[in-house]
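J.: Just so you know, the sequences run in chain order A and B. Numbering follows full-length UniProt numbering, with no gaps: position 74 of the first sequence is 74. Numbering follows full-length UniProt numbering, with no gaps: position 38 of the second sequence is 38. The beta-carbon is built from N, C-alpha and C at its ideal position, and this holds for glycine as well. One structure, as structure tokens, below. Some questions next.
Protein chains: 2
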Amino acid sequence: MVLKGLLLVISGPSGAGKGTVCQALLKKKQNMYLSVSATTRQPRSGEIQGVNYWFKTKEEFEHLLVEDQFLEYARVYDNYYGTPRLEVEKALETGKDVILEIDIQGALQVKEKMPNSVLVFIVPPSLTELKTRLVNRGTDSAAEIEKRLKCVAEEIKYISSYGYIVINNTVNEAVGKVEAILIAEKCRPYYYDFAKYL
Amino acid sequence: MVLKGLLLVISGPSGAGKGTVCQALLKKKQNMYLSVSATTRQPRSGEIQGVNYWFKTKEEFEHLLVEDQFLEYARVYDNYYGTPRLEVEKALETGKDVILEIDIQGALQVKEKMPNSVLVFIVPPSLTELKTRLVNRGTDSAAEIEKRLKCVAEEIKYISSYGYIVINNTVNEAVGKVEAILIAEKCRPYYYDFAKYL
């Protein structure tokens, strides 16, 4: 008996396949809302305002921050990222599951504000595979790729703060695991009304 | 990456369908071991030694108890029930998942000794449905059924000690949820070897 939707936070190193897994999940499941984050980074080739991100200037972002309009925010690689609060809360109230594809700092903030949120860390099968995927994606320079790989060791330290780790060997496998996590989390005791058993 | 099998503890009121769900699960999944409990209660019509239970005398049971041969034990409705330790530990070491279909007192003991065990509470859709199932099963007297229904209110108090609650509307649905729980639990951080990411 689900009273509200589930708040699912998905993190992981760049190139692990977070975006791919999220998109595949949205295609498979009804009643799911992918939160669009706000950011001050430059759009990559092909990215669309309001679809990939809400692209903001630094001044616009800081104004929204002062007005407490973010569920979480963080600075990652010299840019701001934040999750707009209102849309997420509205979706949960209507029983939709919500996915936040955000970095670790943001995930930990969300967990603190919303203890029932579910944190999932997506990892590639290995660092070698991660490098291959980043190179093949073609959206980062060699220097940026090396920087991202160095960060992985740091990010791994926070893994124990996550409820779940999903190895992204294949997208279908990873999506299957996240679906299982959603079903399992909806079997948690706090979802249930026990009055009818007494 | 599963290092060992998962220890799954399934509890719930009589008539909720624990036995049915466990049997269906074993039919669907490979590499799963259903622990056979020892008990001092009388066999019901059709039950077989070593299959449904290891039926013991009170003296035999207490002797094994003194030798620390049980992972857990309890007294329920004037009889002893216990989980033989060695078979369970052997199965887990070989990577098999193990199901214990035991009462609440036993489940809490197991959780204390084995913190990574997964506790699942199976419930019927309602008390009315529970009574119907007990009557239809035909193995308990009217007085025993009333006694079991009174106990439900007591058992419900312990639900928050369980990781998961599964409403058994239909067996297929319930089995699907337990399968999801198994997949999700194998994505827990403690299962992972992070050295290869550093």
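Looking only at its own chain, which residues have a Cβ that is under 7 Å from the Cβ of K111 of chain B, when we skip the five neighbours before and after it?
T.: Numbered from its first residue, the second sequence carries residue 111 of chain B at position 111. Answer for K111 of chain B: S117, L119, listed in chain order.
J.: Quick check on T83 of chain A: does DSSP put it in helix, strand or coil?
T.: Stepping through the first sequence from its first residue, residue 83 of chain A is reached at position 83. DSSP places T83 of chain A in strand when its eight states are reduced to three.
J.: With a cut-off of 8 Å, does the C-beta of V98 of chain A fall near any C-beta of chain B?
T.: Position 98 of the first sequence, counted from the start, is the residue given in the question as residue 98 of chain A. No, because no Cβ of chain B sits closer than 8 Å to the Cβ of V98 of chain A.
J.: Quick one: Cα of G12 of chain B to Cα of T20 of chain B, how far?
T.: On the second sequence, residue 12 of chain B is found 12 positions in, with the first residue counted as 1. On the second sequence, residue 20 of chain B is found 20 positions in, with the first residue counted as 1. If I take the Cα positions, the gap works out to 12 Å.
J.: Taking only beta-carbon atoms, is S160 of chain B less than 8 Å away from chain A?
T.: Residue 160 of chain B sits at position 160 when you count from the first residue of the second sequence. Closer than 8 Å: yes.
J.: Which residues in the same chain as I104 of chain A place their Cβ atom closer than 7 Å to its Cβ, once the five residues preceding and following it in sequence are excluded?
T.: Counting from 1 along the first sequence, the entry for residue 104 of chain A is found at position 104. So the qualifying residues of the chain are S11, E155, Y158.
J.: Is the Cβ-Cβ distance between L92 of chain A and G163 of chain A less than 8 Å?
T.: For the purposes of this step, residue 92 of chain A is taken as the residue at position 92 of the first sequence. For the purposes of this step, residue 163 of chain A is taken as the residue at position 163 of the first sequence. Their beta carbons are not under 8 Å apart, which means L92 of chain A does not touch G163 of chain A by this criterion.
J.: Cβ of Y33 of chain A within 8 Å of Cβ of K96 of chain A?
T.: Here residue 33 of chain A is taken as the residue at index 33 of the first sequence, counted from 1. Here residue 96 of chain A is taken as the residue at index 96 of the first sequence, counted from 1. Yes, Cβ-Cβ distance for Y33 of chain A and K96 of chain A is below 8 Å.
J.: Cα separation between I183 of chain B and A184 of chain A?
T.: Position 183 of the second sequence, counting from 1, holds the residue named residue 183 of chain B. Position 184 of the first sequence, counting from 1, holds the residue named residue 184 of chain A. Approximately 9 Å between the Cα atoms of the pair.
J.: Counting only beta-carbon separations shorter than 8 Å, does C151 of chain A have a partner in chain B?
T.: Residue mapping note: residue 151 of chain A aligns to position 151 of the first sequence, counting from 1. No, its Cβ sits nowhere closer than 8 Å to a Cβ of chain B.
J.: Residues in the stretch 160-174 of chain A with C-beta within 9 Å of chain B's C-beta atoms, listed in sequence order?
T.: Against chain B - using a Cβ distance shorter than 9 Å - the residues of the stretch 160-174 of chain A are S160, S161, Y162, G163, Y164, I165, V166, I167.
J.: Return the CA-CA distance between E129 of chain B and G176 of chain A, expressed in angstroms with no decimal places.
T.: In the second sequence, counting from the first residue as 1, residue 129 of chain B sits at position 129. In the first sequence, counting from the first residue as 1, residue 176 of chain A sits at position 176. Rounded to whole angstroms, E129 of chain B to G176 of chain A spans 33 Å at the Cα level.
J.: Within the continuous beta strand (DSSP E) that includes A74 of chain A, where are the two ends?
T.: Within the first sequence, the letter at position 74 stands for residue 74 of chain A. A74 of chain A -> beta strand (DSSP E) spans 70-76.
J.: Which of helix, strand or coil does DSSP assign to V166 of chain A?
T.: Working through the first sequence from its first residue, we reach residue 166 of chain A at position 166. Note: V166 of chain A maps to strand in three-state DSSP.
J.: Please classify L198 of chain A: does DSSP put it in a helix, a strand, or coil?
T.: Within the first sequence, numbered from 1, the residue matching residue 198 of chain A stands at position 198. Reliability of the predicted coordinates at L198 of chain A is poor, the pLDDT of 47 falling under 50, and no value is obtained from them.
J.: The alpha helix (DSSP H) that contains V66 of chain A, what's its start and end?
T.: As a first step, residue 66 of chain A is located in the first sequence; it is residue number 66 there, counting from the start. Element bounds for V66 of chain A: 58-66.
J.: I'd like to know if the stretch 79-89 of chain A and the stretch 35-46 of chain A are in contact, where contact means that at least 3 CB-CB pairs between them fall below 8 Å.
T.: Yes, the stretch 79-89 of chain A touches the stretch 35-46 of chain A.
J.: Within 10 angstroms of the Cβ of S126 of chain A, are there 16 or more other Cβ atoms? Answer buried if so, exposed if not.
T.: In the first sequence, counting from the first residue as 1, residue 126 of chain A sits at position 126. Its Cβ having fewer than 16 others within 10 Å, S126 of chain A is exposed.
J.: Where does I48 of chain B sit, in a helix, a strand or coil, going by DSSP?
T.: For the purposes of this step, residue 48 of chain B is taken as residue 48 along the second sequence, with counting starting at 1. DSSP places I48 of chain B in coil when its eight states are reduced to three.
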